[in-house]
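*Asks:* Have a look at the structure that comes next, please.
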Amino acid sequence: MVWAFLILMGCEGLPGGENFTLVITQNDPFVGEVSVNPLQLTYPKGTEVTLKAEANEGWNFIEWTGDASGQEDETTVTMDSNKVVEVYFEVNDDPGTGFAGGEGTEEKPYLVGTSEQLAKLRDESNLDGFFKQIADIDFDSITITQNEGWEPIEDEDNKFSGTYDGNNRRIRNLTIYRPGTEFVGLFGYTDDDSIIRNVVLRSVNIVGGRNTGGLVGFNSGEILNCFVDGTLTALKDDGNSLERKVGGLVGENYGEIKDSGADVDVKGEKEVGGFVGDNDFEGVITNSYAKGEVKAEEVIGGFVGNNYGLISGSFATGKVSTINYDPGENGYEVGGFAAYNEGEIINCYATGDVFGDECDIGGLVGHNKGGEIIGSFATGDVTGLEDVGGLVGRNSFGAIIENCYAWGNVSGSGYIGGLVGFNEKTGQDLDSKYSVIDKCYSIGEIIGDGGGLLGRSISPSVYDSYWDINTSGKNESVFGEGRTTKQLQAGTPDDVLDADGNPDPDGDEIFEEWDPAIWEFGRSSEYPALKGTP
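Numbering (the numbering used here), first residue to last: 1 to 534.
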């Protein structure tokens, strides 16, 4: 229980007499107020103080305790000693609606303050209503039948299309155990018109099947300023094999997610992400983050498993790895941010270490297949078997990587690169579309058979891109240009240095084509950094 202390302010008691203090506490600072008359810092002996409790909408005054008692909202305290008075409010229960108050309209949303009232959102008559949470809800003390835990709000046949405002109040210890069940989360399935905002889920413990997320299993609507932490696992109903499309916040996203975060340890089979399992073609995610550790068998991303839509201004910091890490077994398409990208990733980054068992393993993206990665970077160490890169494992089908960098060390058996493991083109004829790398660099150590910038490439479309020959330990790359640490840390595009780091006015201005509006070149002894990332 949370108690708030009322600090009394006013005139001092009369000098020369015995004065006493009055402290008032209440079980929640946002559920009501207590008026005090007279209002003073201290009171002379014998002063009578009148207290009146006024509950906010959706709450009821219950009782006074401590140095006052009674269930009337007004009481009097005689100050013959120091006094501590406790006031207790309780969530209202309107028998007509089943909520704490409200009418279900945008102007007067239904008020939700208990788990029973939250469960009322499942009723068919409430699918398109408006709701506002007015109290913290703790599932830890709630007994749920059949040990399946919380029943998600709606499914594919009965989609939630209303508006739920969590009001930044907490929902704690949400527990779900429904292996093999599709569309699992606080909300199972949200429709195009739905809006979920300001929801805070703390210490979730969720087991579901396909399309499982901490907040929403399958989202087609809008999610704003929401947060989840805890653990999440997807299992088939036999409990022995894993499921797909799993994310810390959302399992599968067709809608829009903004300004949200997940600190969830996530485990599944494939298409698994720390934030979203699968971001589909219409999915848009902006200004969001994932911090949990992510494990799966394959197609694993620190932020998103598959991305076909748009992700911008977002980041992931958790470790990403295959289950029972063992090089040569499963574990393809693993990325610190995204496993697979066919959409757009703009101004994003990943800092977690990445471990994949097989191919297409990258510090940011495992496989960039026809997608775009713009203004993004990765700093974690990357380990895999083949086609392993500090930024991207495989760049294919006319994919674009532009204004990006990678700092992590890269290790594997073959075809590993500081930036990209394998840069390829589509088909073998003259009309084949080349995959492009433009204005990028890498500095990580290459441990294994590979190149400083690229492990291998059959696309020659590599422009103004460099690797550090000192830190990488590699003097060669199939494309790209090697430069010394001092040259890459020149300071500005105009500070041209020779291979020994000495001023060289007639030398190669390696950053001449790089846009200062995008890049911060900093001072000497600093590598270029991106300006647009969060």
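Here a beta-carbon is modelled for each residue, glycine too, at the ideal position from N, C-alpha and C.
Once the 5 residues before and after residue 175 are set aside, which same chain residues still bring their CB inside 8 Å of it?
*Replies:* The sequence position of residue 175 within the sequence shown is 175, counting from 1. If we look at residue 175 and ignore the five residues flanking it on each side, its Cβ neighbours are 139, 144, 149, 150, 204, 205, 206.
*Asks:* Quick one: what does DSSP say residue 176 is sitting in, helix, strand or coil?
*Replies:* Taking the sequence shown and counting its residues from 1, one reaches residue 176 at position 176. Here residue 176 sits in strand by DSSP.
*Asks:* Alpha helix (DSSP H) containing residue 469: first to last residue?
*Replies:* Counting from one through the sequence shown, the residue named residue 469 turns up at place 469. Here the alpha helix (DSSP H) through residue 469 covers 469–472.
*Asks:* Who are the near neighbours of residue 306 in its chain, counting only those whose CB is closer than 6 Å to its CB and skipping five residues on each side?
*Replies:* As a first step, residue 306 must be located in the sequence shown, where it is residue number 306. Here the set comprises 271, 278, 340.
*Asks:* In this structure, what does DSSP give as the bridge partners for residue 140?
*Replies:* As a working mapping, residue 140 is identified with position 140 in the sequence shown. None, per the DSSP bridge assignment.
*Asks:* First and last residue of the beta strand (DSSP E) that includes residue 118?
*Replies:* Numbered from 1 along the sequence shown, position 118 holds the residue referred to as residue 118. First-last for residue 118: 115–119, but that is the alpha helix (DSSP H), not the beta strand (DSSP E).
*Asks:* Could you spell out the range, first to last residue, of the alpha helix (DSSP H) harbouring residue 537?
*Replies:* Nothing in the structure corresponds to residue 537, since the chain is present only between 1 and 534.
*Asks:* Can you tell me which of the three DSSP states residue 430 falls into?
*Replies:* As a working note, residue 430 is residue 430 in the sequence shown. The predicted position of residue 430 is uncertain, since its pLDDT is 47 and thus under 50; a value taken from the coordinates is nonetheless stated next. Three-state DSSP puts residue 430 in coil, outside helix and strand.
*Asks:* Just confirm the distance between the C-beta atoms of residue 408 and residue 382, as a whole number of angstroms; I'd bet it's less than 8 Å.
*Replies:* Within the sequence shown, the letter at position 408 stands for residue 408. Within the sequence shown, the letter at position 382 stands for residue 382. About 5 Å separates the two Cβ atoms, so the contact holds.
*Asks:* To which residues of the same chain is residue 528 closer than 8 Å at the C-beta, ignoring the five residues directly before and after it?
*Replies:* Mapped onto the sequence shown, residue 528 falls at position 528. Correct list, in chain order: 405, 441, 488, 511, 514, 519, 520, 521, 522.
*Asks:* Tell me the DSSP secondary structure of residue 56 in three-state form.
*Replies:* Taking the sequence shown and counting its residues from 1, one reaches residue 56 at position 56. Note: residue 56 maps to coil in three-state DSSP.
*Asks:* Apart from the five residues just before and just after residue 425, which ones in its own chain have a Cβ nearer than 7 Å to its Cβ?
*Replies:* Locating residue 425 in the sequence shown gives position 425, where the first residue counts as 1. So the qualifying residues of the chain are 432, 433, 434, 435, 458, 459.
*Asks:* In its own chain, which residues sit with a C-beta less than 6 Å from the C-beta of residue 57, not counting the 5 before and 5 after it?
*Replies:* Working through the sequence shown from its first residue, we reach residue 57 at position 57. Closer than 6 Å at the Cβ level, and outside the excluded window around residue 57, lie 101.
*Asks:* Assess contact between the stretch 66–76 and the stretch 95–110, defined as three or more Cβ pairs (one per stretch) separated by less than 8 Å. Is contact present?
*Replies:* no
*Asks:* How about residue 59 and residue 87: are their beta carbons less than 8 Å apart?
*Replies:* For the purposes of this step, residue 59 is taken as the residue at position 59 of the sequence shown. For the purposes of this step, residue 87 is taken as the residue at position 87 of the sequence shown. Taking 8 Å as the Cβ cut-off, residue 59 and residue 87 do not qualify as a contacting pair.
*Asks:* Thinking just about the alpha-carbon of each residue, which of 84, 53, 353 is nearest to the one in residue 66?
*Replies:* For the purposes of this step, residue 66 is taken as the residue at position 66 of the sequence shown. Closest option to residue 66, judged by alpha-carbon separation, among 84, 53, 353: 84.
*Asks:* Excluding the five sequence neighbours on either side, which residues of its own chain have a C-beta within less than 6 Å of the C-beta of residue 152, listed in chain order?
*Replies:* Here residue 152 refers to the residue found at position 152 when the sequence shown is read from its first residue. Excluding positions up to five away in sequence, the list reads 184, 185, 188.
*Asks:* Measuring straight from C-alpha to C-alpha, what distance separates residue 456 and residue 449?
*Replies:* Within the sequence shown, the letter at position 456 stands for residue 456. Within the sequence shown, the letter at position 449 stands for residue 449. Approximately 10 Å between the Cα atoms of the pair.
*Asks:* Taking the beta carbon of residue 358 as the centre, do at least 16 other beta carbons fall within 10 Å, making it buried, or is it exposed?
*Replies:* One-based indexing of the sequence shown puts residue 358 at position 358. With 16 or more other Cβ atoms within 10 Å, it is buried.
*Asks:* How many whole angstroms separate the CB atoms of residue 79 and residue 47, which I take to be in contact at a CB cut-off of 8 Å?
*Replies:* Your numbering for residue 79 matches position 79 in the sequence shown. Your numbering for residue 47 matches position 47 in the sequence shown. Right, their Cβ atoms sit about 4 Å apart.
*Asks:* Helix, strand or coil: how does DSSP classify residue 485 here?
*Replies:* Within the sequence shown, the letter at position 485 stands for residue 485. In the structure shown, residue 485 sits in a helix (DSSP, three-state: H, G or I).
*Asks:* On the premise that residue 300 lies in contact with residue 334, defined as a C-beta separation below 8 Å, what is that separation, rounded to the nearest angstrom?
*Replies:* For the purposes of this step, residue 334 is taken as residue 334 along the sequence shown, with counting starting at 1. For the purposes of this step, residue 300 is taken as residue 300 along the sequence shown, with counting starting at 1. The Cβ separation is near 5 Å, so the contact holds.
*Asks:* Please return the same chain residues whose Cβ sits closer than 6 Å to the Cβ of residue 225, not counting the five positions on each side in sequence.
*Replies:* Against the sequence shown, residue 225 aligns to sequence position 225. If we look at residue 225 and ignore the five residues flanking it on each side, its Cβ neighbours are 197, 198, 259.
*Asks:* At the level of alpha carbons, what is the spacing between residue 560 and residue 343?
*Replies:* Given that the chain is displayed from residue 1 to residue 534, the structure contains no residue 560 and the question cannot be resolved.
*Asks:* Suppose you measure from the CA of residue 398 to the CA of residue 421; what does that come to, to the nearest Å?
*Replies:* By 1-based counting over the sequence shown, the position of residue 398 is 398. By 1-based counting over the sequence shown, the position of residue 421 is 421. So the two alpha carbons sit approximately 15 Å from each other.
*Asks:* Helix, strand or coil for residue 82 per DSSP?
*Replies:* As a working mapping, residue 82 is identified with position 82 in the sequence shown. Looking at residue 82 - three-state DSSP - the assignment turns out to be coil, as it is neither helix nor strand.
*Asks:* Determine the closest residue to residue 168 out of 132, 400, 182, 190, with distance taken between C-alpha atoms.
*Replies:* Taking the first residue of the sequence shown as 1, we reach residue 168 at position 168. Closest option to residue 168, Cα to Cα, is 132.
*Asks:* Looking at C-alpha atoms only, which residue of 160, 105, 369 is the closest neighbour of residue 119?
*Replies:* If you number the sequence shown from 1, residue 119 lands on position 119. Checked all of 160, 105, 369; the closest Cα to residue 119 is 160.
*Asks:* What is the rounded straight-line gap between the Cα of residue 374 and the Cα of residue 291?
*Replies:* In the sequence shown, the residue the question calls residue 374 occupies position 374. In the sequence shown, the residue the question calls residue 291 occupies position 291. Residue 374 and residue 291: Cα-Cα distance of roughly 22 Å.
*Asks:* Is it true that the CB of residue 200 sits closer than 8 Å to the CB of residue 166?
*Replies:* Taking the sequence shown and counting its residues from 1, the one referred to as residue 166 is at position 166. Taking the sequence shown and counting its residues from 1, the one referred to as residue 200 is at position 200. Remark: C-beta atoms of residue 166 and residue 200 approach each other more closely than 8 Å.
*Asks:* Rounded to a whole number of angstroms, what is the C-alpha to C-alpha distance between residue 419 and residue 208?
*Replies:* Along the sequence shown, read from residue 1 onward, the residue named residue 419 stands at position 419. Along the sequence shown, read from residue 1 onward, the residue named residue 208 stands at position 208. C-alpha separation (whole angstroms): 36 Å.
*Asks:* Cutting at 7 Å between CB atoms, please list the residues of its own chain near residue 485, excluding the five before and the five after it.
*Replies:* On the sequence shown, position 485 is the one that residue 485 refers to. So the list reads 468, 470, 471, once near-sequence residues are dropped.
*Asks:* For residue 169, which three-state DSSP category applies?
*Replies:* In the sequence shown, residue 169 corresponds to position 169, counting from 1. In the structure shown, residue 169 falls within a coil segment according to DSSP collapsed to helix, strand and coil.
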